[in-house]
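> I have a structure I would like to understand better, so I am pasting it below and will then ask my questions one at a time.
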Amino acid sequence: MKIDNTFARSLVPERTWPVFLDLIVAAFCLAGFYAIIFVGRYWFSRPVPEVFIDRAPSALPLYAFYSVVRTIAAYFLSLIFAIGYGYIAAYNKRAESLMIAALDILQSIPVLSFLPGVMLAMIALIPGRQLGIELGAIVLIFTGQVWNMAFSFYSSLKSIPRELREACAINRFSAWQRFWQLELPFSAIGLIWNSMVSVAAGWFILVVCEMFPVGTRHFRLPGLGSYLKTAADAGDTSATVYGIITMMVIIVLTDQLVWRPLIAWSDKFKFETSDSGARVTSPILHLLRNSTALGWVRERTIEPLGERIYAGLARRRDAPIIRQMPERTARRIGSLSTIVLALIAVIAVALAAVRALGLLHGIPGSDYLLLFEGAAATFLRVNASLLIASLWTIPVGVAIGFNPRLAKILQPIIQMVASFPATVLYPIIILGLYRIGIGLGIGAVALMLLGTQWYVLFNVIAGAMAIPSEMREVADLFHFRTLQRWTTVILPGIFPYLVTGLVTASGGAWNASIIAEYYPIRDKIFTTLGLGAEISAASDAGNFGILLMGTIIMALMVVTANRLLWRKMYHLAETKYRLD
Numbered sequence: 001m002k003i004d005n006t007f008a009r010s011l012v013p014e015r016t017w018p019v020f021l022d023l024i025v026a027a028f029c030l031a032g033f034y035a036i037i038f039v040g041r042y043w044f045s046r047p048v049p050e051v052f053i054d055r056a057p058s059a060l061p062l063y064a065f066y067s068v069v070r071t072i073a074a075y076f077l078s079l080i081f082a083i084g085y086g087y088i089a090a091y092n093k094r095a096e097s098l099m100i101a102a103l104d105i106l107q108s109i110p111v112l113s114f115l116p117g118v119m120l121a122m123i124a125l126i127p128g129r130q131l132g133i134e135l136g137a138i139v140l141i142f143t144g145q146v147w148n149m150a151f152s153f154y155s156s157l158k159s160i161p162r163e164l165r166e167a168c169a170i171n172r173f174s175a176w177q178r179f180w181q182l183e184l185p186f187s188a189i190g191l192i193w194n195s196m197v198s199v200a201a202g203w204f205i206l207v208v209c210e211m212f213p214v215g216t217r218h219f220r221l222p223g224l225g226s227y228l229k230t231a232a233d234a235g236d237t238s239a240t241v242y243g244i245i246t247m248m249v250i251i252v253l254t255d256q257l258v259w260r261p262l263i264a265w266s267d268k269f270k271f272e273t274s275d276s277g278a279r280v281t282s283p284i285l286h287l288l289r290n291s292t293a294l295g296w297v298r299e300r301t302i303e304p305l306g307e308r309i310y311a312g313l314a315r316r317r318d319a320p321i322i323r324q325m326p327e328r329t330a331r332r333i334g335s336l337s338t339i340v341l342a343l344i345a346v347i348a349v350a351l352a353a354v355r356a357l358g359l360l361h362g363i364p365g366s367d368y369l370l371l372f373e374g375a376a377a378t379f380l381r382v383n384a385s386l387l388i389a390s391l392w393t394i395p396v397g398v399a400i401g402f403n404p405r406l407a408k409i410l411q412p413i414i415q416m417v418a419s420f421p422a423t424v425l426y427p428i429i430i431l432g433l434y435r436i437g438i439g440l441g442i443g444a445v446a447l448m449l450l451g452t453q454w455y456v457l458f459n460v461i462a463g464a465m466a467i468p469s470e471m472r473e474v475a476d477l478f479h480f481r482t483l484q485r486w487t488t489v490i491l492p493g494i495f496p497y498l499v500t501g502l503v504t505a506s507g508g509a510w511n512a513s514i515i516a517e518y519y520p521i522r523d524k525i526f527t528t529l530g531l532g533a534e535i536s537a538a539s540d541a542g543n544f545g546i547l548l549m550g551t552i553i554m555a556l557m558v559v560t561a562n563r564l565l566w567r568k569m570y571h572l573a574e575t576k577y578r579l580d
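Counting along the sequence shown from 1, when you hit position 33 you're at 33 in UniProt numbering, and nothing is skipped either side.
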């Protein structure tokens, strides 16, 4: 199904000089090549744990470049992990329950809990090079990006219509063909929109990842996050404004150069049998499709390589199977290796658990009581933020997903607002809350909402865009009323995406509590009763026992909620609300 490029043609004439397009592509390729060399030189230089941050505006381009590189590296790491993890969890029945439970636990662990171990491990892994510190920051950004992408891909695989799977089986697709021609295209819309919110989450935690203490040591990396944090701590308003403007420019360019073309490209993977009329368009995608150089590369390398791979898979599938050993012997060897690997994993986990439990020895009972009281307070704030987020994101997300013209106007704005790190606004909001007498107890809900509502909104938009056009046309044909349209078409259609959004928003809200409930401004710390506040305070003080116990309690609460509520919602989405 072809994409309407009317808007693109209005900006780029049809008779655009092909050489001009090729020059643009070549310029981007050369810039990327130079950027790789520049980053490589910096990463393999001698380590400088605490870099001096220059607040002059002239330093911003270099700092912005470093932050963009870290975010891109963390995103691609997240994408590879999400696809691999989601694929195994969706198709391996034995490992599915364990893998989804592990995903629940990992998404509930706050970044500050990962921070000391990850940073020290990376520095020890690559000593004497800046690469160790940089990889530590990238892995920390990865922990804030990956979980909703993994949930999205897993949920998409579980909701693929049965007739599409049967068509692949009838045509004797290999697993490789099925992945590239069915599973990845079907999940493309949800994966792209979750990628957008993942990158936004990466910007959200950038300040934490570029400037942080580990025990008695302090790490400060050159980047936009550390620039904004340094400017805020120094009370330098002009530097803060310059940093915010730079971040806005990066977000707008990312939207126009990356996300808009991807959204327009993914529109062709929509599961429908009729043309929906208006389509999302992108001038950048039009340029790429009309580049002579890229077309030559595609025709001479990518397409022939794909044909050879598929032909080889077909020959291998049709060739007679030559067994190298009896089937029983192969099974025994496979079972024995599995048992050995399982024993090694169990022993390693047991030793690590014993070491970890040793950190909990000596924690007084009053600290346990404070942790449980804080957990109850944070639990109420998390659910309040989810409720408030759902009340406005569901109708707004459906409106954007159903109306491409509205999406063309609002999507860049939403992307910019979502990518803007709410931590930059926290000092202003916190001081304002205290001036009007609200305090951080209730105000933390607003702070958590700033970082979590986008998970729900972006997933609802993806779900609304994925609803087949013929379903909406039938609703128009039978003159469904508004309530009837919502209950029979909209809510069932977006339900799998909504569940993914709420699950990841819940984990994001728990993570956001470590900043929303405990925030230092200059020489003063604003805090309130909450589990996030206890974890943040323990991290600052280097109290690893309290840090570990708080993380365990947070993970247990998130996993319990997922088991009692969200897992049932996922099952309902997989069985009842799927496009079969």
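Virtual Cβ for every residue (Gly too), placed ideally from N, Cα, C.
Round the Cβ separation of residue 101 and residue 559 to the nearest angstrom and send it over; I've been treating them as touching at under 8 Å.
Taking the first residue of the sequence shown as 1, we reach residue 101 at position 101. Taking the first residue of the sequence shown as 1, we reach residue 559 at position 559. Rounded, the Cβ-Cβ distance is 7 Å, consistent with contact.
> When you compare the CB positions of residue 513 and residue 493, do they come within less than 8 Å of one another, or not?
Within the sequence shown, numbered from 1, the residue matching residue 513 stands at position 513. Within the sequence shown, numbered from 1, the residue matching residue 493 stands at position 493. Not closer than 8 Å, so no.
> Using CA coordinates, which residue listed in 172, 499, 426 and 433 is at the minimum distance from residue 159?
Position 159 of the sequence shown holds residue 159. Taking only the C-alpha atoms, the option nearest residue 159 is 499.
> Hey, which unbroken runs of the alpha helix (DSSP H) at 4 residues or more fall wholly within the stretch 460 to 494?
469 to 477 and 482 to 485
> What would DSSP say about residue 304, mapped onto helix, strand or coil?
Translated into positions along the sequence shown, residue 304 becomes position 304. DSSP places residue 304 in helix when its eight states are reduced to three.
> Is the separation between the beta-carbon of residue 204 and that of residue 443 shorter than 8 Å?
Along the sequence shown, read from residue 1 onward, the residue named residue 204 stands at position 204. Along the sequence shown, read from residue 1 onward, the residue named residue 443 stands at position 443. No, these two residues do not count as a Cβ contact at 8 Å.
> Just verifying my parser: in three-state terms, what is the DSSP assignment at residue 270?
For the purposes of this step, residue 270 is taken as the residue at position 270 of the sequence shown. Residue state, collapsed to three classes: coil.
> Residue 202 and residue 74 look like a contact to me (Cβ under 8 Å); what is the Cβ gap, rounded to whole Å?
Start at 1 with the first residue of the sequence shown, and residue 202 comes out as number 202. Start at 1 with the first residue of the sequence shown, and residue 74 comes out as number 74. The pair is a contact, with the Cβ atoms about 6 Å apart (cut-off 8 Å).
> Does DSSP put residue 172 in a helix, in a strand, or in coil?
Mapped onto the sequence shown, residue 172 falls at position 172. Coil.
> Just verifying my parser: in three-state terms, what is the DSSP assignment at residue 572?
As a working note, residue 572 is residue 572 in the sequence shown. Residue state, collapsed to three classes: helix.
> Run through the DSSP bridge pairs and tell me what residue 527 is partnered with.
Looking up residue 527 in the sequence shown gives position 527. DSSP output for residue 527 lists 518 as bridge partner(s).
> Spatial neighbours of residue 573 within its chain, please: CB distance less than 6 Å, with the 5 preceding and 5 following residues excluded, ordered by chain position.
Within the sequence shown, residue 573 is the residue found at index 573, counting from 1. Hits under 6 Å: 495, 496 and 499.
> If we ignore side chains and look at the alpha-carbon of each, how far apart do residue 566 and residue 458 end up?
What you label residue 566 is simply residue 566 of the sequence shown in a count that begins at 1. What you label residue 458 is simply residue 458 of the sequence shown in a count that begins at 1. So the two alpha carbons sit approximately 18 Å from each other.
> Rounding to the nearest angstrom, what Cα-Cα distance links residue 473 and residue 372 in this structure?
Within the sequence shown, the letter at position 473 stands for residue 473. Within the sequence shown, the letter at position 372 stands for residue 372. Cα to Cα, the separation comes out at about 52 Å.
> Note down, in chain order, each residue of its chain lying with its Cβ closer than 7 Å to the Cβ of residue 153, except the 5 sequence neighbours on either side.
Here residue 153 is taken as the residue at index 153 of the sequence shown, counted from 1. 82, 83, 86, 187 and 191.
> DSSP three-state call for residue 212: helix, strand or coil?
The residue labelled residue 212 in the question sits at position 212 within the sequence shown. Under the three-state reduction of DSSP output, residue 212 falls in the strand class.
> Does the stretch 139 to 149 come into contact with the stretch 227 to 242, if we say contact requires no fewer than three beta-carbon pairs (one atom in each stretch) closer than 8 Å?
With a cut-off of 8 Å on Cβ pairs, the stretch 139 to 149 is not in contact with the stretch 227 to 242, counting fewer than three such pairs.
> Rounded to the nearest angstrom, what separates residue 551 and residue 557 at their Cα positions?
Taking the sequence shown and counting its residues from 1, the one referred to as residue 551 is at position 551. Taking the sequence shown and counting its residues from 1, the one referred to as residue 557 is at position 557. Approximately 10 Å, taken between the alpha carbons.
> So, helix, strand or coil for residue 361, using DSSP?
Against the sequence shown, residue 361 aligns to sequence position 361. For residue 361, the secondary structure class from DSSP, reduced to helix, strand or coil, is coil.
> Give the C-beta separation of residue 470 and residue 378 to the nearest angstrom, bearing in mind that I take them to be a contact with Cβ-Cβ under 8 Å.
If you number the sequence shown from 1, residue 470 lands on position 470. If you number the sequence shown from 1, residue 378 lands on position 378. Going by Cβ atoms, the distance from residue 470 to residue 378 rounds to 45 Å, so no, they are not a contact pair.
> Can the beta-carbon of residue 193 be found closer than 8 Å to that of residue 461?
For this step, residue 193 is matched to residue 193 along the sequence shown. For this step, residue 461 is matched to residue 461 along the sequence shown. Contact flag set, yes.
> Just to confirm, are residue 456 and residue 407 a CB contact at a threshold of 8 Å?
Residue 456 sits at position 456 when you count from the first residue of the sequence shown. Residue 407 sits at position 407 when you count from the first residue of the sequence shown. Cβ distance not < 8 Å, so residue 456 and residue 407 don't count as in contact.
> With distances taken Cα to Cα, identify the nearest neighbour of residue 434 among 253, 541, 526 and 374.
Here the question's residue 434 lines up with position 434 in the sequence shown. When only C-alpha atoms are compared, the closest one is 526.
> Where do the N-terminal and C-terminal ends of the alpha helix (DSSP H) with residue 577 fall, by residue?
As a working note, residue 577 is residue 577 in the sequence shown. That residue, residue 577, is in no alpha helix (DSSP H); it is neither H nor E in DSSP.
> In three-state DSSP terms, what is residue 220?
Locating residue 220 in the sequence shown gives position 220, counting from the first residue. Strand, per DSSP.
> Given 8 Å as the limit, is there contact between the stretch 122 to 135 and the stretch 37 to 47, that is, 3 or more CB pairs closer than that?
yes
> Between residue 67 and residue 206, what straight-line distance do the alpha-carbon atoms span, to the nearest angstrom?
Taking the sequence shown and counting its residues from 1, the one referred to as residue 67 is at position 67. Taking the sequence shown and counting its residues from 1, the one referred to as residue 206 is at position 206. Going by the C-alpha atoms only, they are around 8 Å apart.
> Quick one: using the 10 Å Cβ neighbour count with 16 as the cut-off for buried, is residue 292 buried or exposed?
The residue given as residue 292 occupies position 292 in the sequence shown. It is exposed - the Cβ of residue 292 has fewer than 16 other Cβ atoms within 10 Å.
> Considering only the beta carbon of each residue, do residue 239 and residue 481 sit closer than 8 Å?
Numbered from 1 along the sequence shown, position 239 holds the residue referred to as residue 239. Numbered from 1 along the sequence shown, position 481 holds the residue referred to as residue 481. In this structure, residue 481 does not lie closer than 8 Å to residue 239 by Cβ.
> Checking 8 Å against the spacing of the C-beta atoms, do residue 448 and residue 509 come in under that value?
To locate residue 448, count along the sequence shown from 1; it is residue 448. To locate residue 509, count along the sequence shown from 1; it is residue 509. Contact: yes.
> Pull up the distance between the alpha-carbon of residue 34 and that of residue 60, whole angstroms please.
Position 34 of the sequence shown, counting from 1, holds the residue named residue 34. Position 60 of the sequence shown, counting from 1, holds the residue named residue 60. Note on geometry: alpha-carbon atoms of residue 34 and residue 60 lie some 19 Å from one another.
> Which residue or residues does DSSP assign as beta-bridge partners of residue 50?
The residue you call residue 50 lines up with position 50 of the sequence shown. Answer is 220.
> How would you call residue 171, buried or exposed, if buried means at least 16 neighbouring beta carbons within 10 angstroms?
Here residue 171 refers to the residue found at position 171 when the sequence shown is read from its first residue. Exposed is the call here.
> Just mark residue 308 as buried or exposed, buried being the case when its beta carbon has 16 or more other beta carbons within 10 Å.
Start at 1 with the first residue of the sequence shown, and residue 308 comes out as number 308. Exposed: under 16 other Cβ atoms inside 10 Å.
> Let me know the secondary structure DSSP gives residue 543 once reduced to three states.
Stepping through the sequence shown from its first residue, residue 543 is reached at position 543. If DSSP states are grouped into helix, strand and coil, residue 543 belongs with coil.
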